[in-house]
């Protein structure tokens with residue numbers, strides 16, 4: 004590490020790197036999130052000649068790194084009875100080693116004494132005397148209090164030795180590990196009253212910037228499309244997007260993708276066989292895996308919960324559970340709904356059942372929200388039975404499918420078709436139906452106690468669809484135990500915001516209950532038809 008010391012000690016750092024993402028432009032994924040990654044943006048990078056502890060000599064400085072750095076600076080001078088150290092918890096492959104390397108460089112540049120610790124056998128001390136030379140635990144513990152008081156210890160190795168738990172050490176330690184490895188440092192956490200931060204997932208534009216940084220040439224549209232597929236379907240995980248799945252060419256991509264999906268299938272099979280008892284939490288905390296579950300931190304980063312990695316993974320779990328046994332799949336869904344850490348998984352199961360429900364075809368009745376009297380008529384609509392799902396890529400693609408050829412209205416054949424967005428990130432619209440030539444029903448499937456509908460998606464749909472659409476009915480599909488939560492209106496766009504110059508557009512809200520009885524009947528083998536919101540076996 005001495006070469007790193009010689010290069011950086013006491014020098015100034017002015018990061019700045021402009022990643023030109025416009026050159027990656029194509030329309031393979033006409034999605035708001037995808038477009039965000041194509042904009043020309045300014046990102047900070049850290050670039051040195053010497054190899055950093057993370058094994059690289061340059062890395063993208065995520066916005067999250069800056070935020071955590073500032074929080075550490077606020078608590079980095081230990082005060083009696085306050086946090087003496089801090090732990091950074093994050094799932095594997097989220098950039099913890101990158102963050103520690105970034106923090107180390109900043110402290111070396113500022114001439115601030117710092118230890119980088121890999122484990123209890125490998126310590127490197129950076130100060131005006133040691134110059135990044137290797138040291139050991141005994142030498143560290145024998146430092147004077149004055150030396151310890153200005154010292155930061157950065158490590159991604161478990162702190163198990165008794166010496167680390169001593170409250171008398173006046174240094175400030177920063178441990179960045181996965182939840183599984185953090186279990187080995189519990190006594191340190193307790194005795195040193197360790198503070199906690201949780202690192203968020205990578206954003207799409209950061210993934211694109213990091214990929215662009217590693218490439219000698221600008222990424223091709225094909226590479227960006229493959230990258231977005233990985234990001235959307237397999238999760239916002241840096242290692243998965245940038246290392247596990249090759250983007251060299253289509254052949255390499257398909258080969259590495261198959262290998263990765265085989266591992267995903269194995270984890271899903273274990274989850275199903277154990278009836279959900281191998282929880283999403285244990286996937287992270289016991290097995291240090293991110294194949295089917297990831298950490299979702301709170302906005303203040305002080306707490307976190309586990310959730311299914313992506314909608315695609317969740318639907319894969321639902322699909323495989325149904326293949327093994329439709330009835331057992333329903334029992335698994337019921338189990339998931341009663342476990343708070345697993346409710347995100349239950350939500351995806353509920354969405355899967357809802358898609359099946361509408362796809363079977365039938366008549367449905369939805370109750371209007373904010374009912375003024377008991378005589379308010381329900382919203383009645385039908386969906387046609389369909390052998391395959393009717394997908395649309397974006398608002399323009401939907402308009403092409405439903406518009407009268409050479410005309411301005413909605414095609415008669417589109418009435419009753421159940422459409423789903425192909426892109427998993429089509430926010431606020433899980434499905435839709437044209438119940439009449441002038442009426443669009445937007446379906447939001449949720450097991451949340453409340454749900455907001457975002458303006459941007461609804462506005463984009465209305466702008467692309469024929470102007471003959473005069474009525475938009477937003478229908479919240481909910482489980483029966485949430486009826487009381489959906490008696491009053493939810494936060495949805497106003498008609499004047501969706502179509503500012505139109506005076507003949509109306510937007511109403513409804514709720515439609517998918518009961519456990521219907522789901523259970525759907526899980527029973529045998530042909531059936533959906534009629535009037537119920538099931539009749541044929």
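Numbering (the numbering used here), first residue to last: 4 to 541.
C-beta atoms are modelled at their ideal positions from N, C-alpha and C, and glycine is treated no differently.
Spatial distance of residue i from residue j (CA atoms)
i	j	result
residue 333	residue 59	48 Å
residue 236	residue 317	10 Å
residue 451	residue 481	8 Å
residue 117	residue 189	23 Å
residue 143	residue 73	26 Å
residue 357	residue 337	15 Å
residue 114	residue 157	15 Å
residue 321	residue 408	38 Å
residue 35	residue 45	Confidence at residue 35 is low in this model, with a pLDDT of 48, below 50, so its placement is unreliable and the value that follows should be read with caution. Distance between the alpha carbons of residue 35 and residue 45: 19 Å.
residue 31	residue 463	Reliability of the predicted coordinates at residue 31 is poor, the pLDDT of 36 falling under 50, and the value obtained from them is presented with this limitation in mind. Answer to the nearest angstrom: the Cα atoms are 18 Å apart.
residue 90	residue 176	8 Å
residue 155	residue 54	21 Å
residue 300	residue 270	23 Å
residue 486	residue 379	17 Å
residue 172	residue 151	7 Å
residue 402	residue 265	37 Å
residue 508	residue 234	37 Å
residue 147	residue 140	14 Å
residue 174	residue 519	57 Å
residue 455	residue 496	9 Å
residue 92	residue 430	29 Å
residue 132	residue 197	29 Å
residue 446	residue 314	17 Å
residue 491	residue 472	25 Å
residue 522	residue 48	51 Å
residue 50	residue 61	4 Å
residue 420	residue 106	55 Å
residue 229	residue 425	16 Å
residue 21	residue 161	In this prediction, residue 21 has a pLDDT of 24, which is less than 50 and means its spatial position is unreliable; what the coordinates show is noted afterwards. Roughly 37 Å separates the two Cα atoms.
residue 137	residue 102	21 Å
First and last residue of the uninterrupted alpha helix (DSSP H) at residue i
i	result
residue 120	Unbroken run through residue 120 is the beta strand (DSSP E), 117–122; no alpha helix (DSSP H).
residue 233	224–237
residue 275	253–276
residue 2	The requested residue 2 does not occur in the structure, where the chain is confined to residues 4 to 541.
residue 141	140–144
residue 338	329–340
residue 394	From DSSP, residue 394 is part of no alpha helix (DSSP H) but of the beta strand (DSSP E) over 393–395.
residue 250	Residue 250 -> no alpha helix (DSSP H), and no H or E assigned at all.
residue 500	498–501
residue 55	It is not in any alpha helix (DSSP H) - residue 55 carries neither H nor E in the DSSP assignment.
residue 489	Element bounds for residue 489: n/a, residue is neither H nor E.
residue 108	99–112
residue 148	148–152
residue 457	First-last for residue 457: undefined, no H or E at that position.
Unbroken beta strand (DSSP E) run spanning residue i, endpoints
i	result
residue 482	474–482
residue 300	296–300
residue 385	382–386
residue 370	365–371
residue 517	509–517
residue 157	155–158
residue 311	307–311
residue 126	125–129
Expected contact under 8 Å - CB spacing of residue i and residue j to nearest Å
i	j	result
residue 319	residue 275	At roughly 11 Å, the Cβ-Cβ gap does not stay under 8 Å, so residue 319 and residue 275 are not in contact.
residue 385	residue 366	5 Å
residue 209	residue 63	6 Å
residue 164	residue 123	6 Å
residue 65	residue 207	No, residue 65 and residue 207 are not in contact; Cβ-Cβ is about 12 Å, not under 8 Å.
residue 312	residue 298	About 10 Å; that fails the 8 Å criterion.
residue 255	residue 247	Actually they are not in contact, since the Cβ atoms of residue 255 and residue 247 sit about 12 Å apart, beyond 8 Å.
residue 179	residue 329	Residue 179 to residue 329, Cβ: 44 Å. No contact.
residue 382	residue 398	No, residue 382 and residue 398 are not in contact; Cβ-Cβ is about 23 Å, not under 8 Å.
Curious, which full-length beta strand (DSSP E) runs of at least 3 residues does the region 424–449 contain? Listed in chain order, the complete beta strand (DSSP E) runs (minimum 3 residues) inside the region 424–449 are 434–439, 442–448.
4 or more residues per run - each alpha helix (DSSP H) lying fully within the region 163–216: 182–185, 189–194
Which ranges does the beta strand (DSSP E) cover as unbroken runs of at least 3 residues, wholly within the region 64–97, from first to last along the chain? 88–92
Do the region 459–471 and the region 511–528 touch if we need at least three Cβ pairs shorter than 8 Å? no
Whether or not the region 354–374 and the region 430–440 are in contact is what I'm after, with contact meaning three or more pairs of Cβ atoms, one per stretch, closer than 8 Å; do they touch? yes
Quick check: the region 109–125 against the region 202–222, are there 3 or more CB pairs under 8 Å? Not touching, per the Cβ criterion.
Three or more beta-carbon pairs under 8 Å between the region 237–244 and the region 88–103, yes or no? The region 88–103 and the region 237–244 touch, with three or more beta-carbon pairs separated by less than 8 Å.
Closer than 8 Å is the cut-off here; do at least three beta carbon pairs connect the region 495–510 with the region 398–415? Contact fails: fewer than three Cβ-Cβ distances are below 8 Å.
Any contact of the region 191–207 with the region 150–170, i.e. 3+ C-beta pairs under 8 Å? By the C-beta criterion, the region 191–207 is judged to be in contact with the region 150–170, since at least 3 inter-stretch pairs fall below 8 Å.
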